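Colleague:
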Amino acid sequence: AKALPVIYRYQPSESGGSLFRREGNDSERVLIKERVASLTWQTELERFVEPDSTSSGTVRLSIGLDIQLKMPTGSEKPFLLKTSIFPARLNRQLNAP
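Note that the sequence shown ends on residue 101 in this note's numbering; no numbers are left out.
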């Protein structure tokens, strides 16, 4: 089965940004609506090789995501979320023979 591309889109706004997701030709879905105060991300590629091995090892791609969410009104403090995402489909493709 062919893997469909997954596209994430961030739309900034004065009142709070929004985050969207679309897979293949499907309709775009709203993940977070007007609550994103800040968003940063980075990719990391790791290679794991057994000592004294002749193989090229296993490759793992991860996406580090830092997102700060806020409420439009009230005295709530912004909520900070830090996570790493490991795209399983892409990692399988990177390691396929």
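All C-beta atoms in this analysis are idealised placements derived from N, C-alpha and C, irrespective of residue type, glycine included. Note that the structure is predicted; figures quoted are calculated from it, not measured.
What is the residue span of the beta strand (DSSP E) that Ala41 lies within?
Modeller: Translated into positions along the sequence shown, residue 41 becomes position 37. First-last of the beta strand (DSSP E) with Ala41: Arg33 to Phe52.
Colleague: Is the separation between the beta-carbon of Leu85 and that of Ile71 shorter than 8 Å?
Modeller: The residue labelled residue 85 in the question sits at position 81 within the sequence shown. The residue labelled residue 71 in the question sits at position 67 within the sequence shown. Yes, the pair counts as a contact, with Cβ atoms nearer than the cut-off.
Colleague: Going by alpha carbons, who is nearest to Gln97 out of Asp56, Glu32, Leu65 and Leu23?
Modeller: On the sequence shown, residue 97 is found 93 positions in, with the first residue counted as 1. Considering only alpha carbons, the answer is Leu65.
Colleague: Could you check which residue in Phe90, Ile89 and Met75 has the C-alpha nearest to that of Phe83?
Modeller: Within the sequence shown, residue 83 is the residue found at index 79, counting from 1. With distances taken between Cα atoms, Phe83 lies closest to Met75.
Colleague: Relative to the alpha-carbon of Gly21, which residue among Asp30, Thr44, Asn29 and Ile11 has its alpha-carbon at the smallest distance?
Modeller: Locating residue 21 in the sequence shown gives position 17, where the first residue counts as 1. Closest option to Gly21, Cα to Cα, is Thr44.
Colleague: Given that a residue counts as buried once 16 or more other Cβ atoms are within 10 Å of its Cβ, and exposed if not, what is Val40?
Modeller: For the purposes of this step, residue 40 is taken as the residue at position 36 of the sequence shown. It counts as buried.
Colleague: Looking at C-alpha atoms only, which residue of Val53, Glu18 and Glu27 is the closest neighbour of Pro9?
Modeller: For this step, residue 9 is matched to residue 5 along the sequence shown. Out of Val53, Glu18 and Glu27, Glu27 has the C-alpha closest to the C-alpha of Pro9.
Colleague: Between the Cα of Phe90 and the Cα atoms of Val34, Glu50 and Ile36, which residue gives the shortest distance?
Modeller: Position 86 of the sequence shown, counting from 1, holds the residue named residue 90. Of Val34, Glu50 and Ile36, the residue nearest in Cα terms is Glu50.
Colleague: Whole angstroms are fine: how far does the CA of Val34 sit from the CA of Ser59?
Modeller: Your numbering for residue 59 matches position 55 in the sequence shown. Your numbering for residue 34 matches position 30 in the sequence shown. Roughly 42 Å between the two C-alpha positions.
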